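Let me begin by presenting the structure, written as structure tokens, before commenting on it.
In our numbering, the protein residues as written are 321 to 425.
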């Protein structure tokens, strides 16, 4: 069975997250380390085009949300018929429910 290929779209918030990740790692480590991490995140994002259903459903954070880990970050995304929308790229130690506006119970 052939894999379904979707187009990957980076939401404006996700693009902003990437800029912040790069700035942080360029400052505390080096531009090379920042570039390498962003390459890893980008590669994982592009792999979602063919393997989007392979990763974890995150209905606990928000209905319809899924995630894949690129240590130490988590890529959160949603699926549509033809697209994978990458919503956010967030450090794994953050409170995801608070970021996505969902109250913890």
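Heads up, the beta-carbon is just placed ideally off N, CA and C, and yes, glycines get one too.
None of the values given here were measured: they were computed from a predicted structure.
Original post:
Can you name, in chain order, every residue of its own chain whose Cβ lies under 7 Å from the Cβ of residue 337, other than the five neighbours on each side?
Top reply: These residues qualify, in order along the chain: 408, 409, 410.
Subject >> Entirely enclosed beta strand (DSSP E) segments - the stretch 340-396, minimum 3 residues >> reply: Whole beta strand (DSSP E) segments, 3+ residues: 385-390.
Original post:
Who does residue 399 pair with in a DSSP beta bridge?
Top reply: Its beta-bridge partners are 404.
**OP:** Can you say whether residue 373 is buried or exposed, counting buried as having 16 or more other CB atoms within 10 angstroms of its CB?
**Re:** Flag for residue 373 reads exposed.
**OP:** State yes or no: is the C-beta of residue 416 within less than 9 Å of the C-beta of residue 394?
**Re:** Cβ distance < 9 Å, so residue 416 and residue 394 count as in contact.
Original post:
Taking the C-alpha atoms as reference points, what is the distance between residue 335 and residue 370?
Top reply: In a straight line, the C-alpha of residue 335 is about 21 Å away from that of residue 370.
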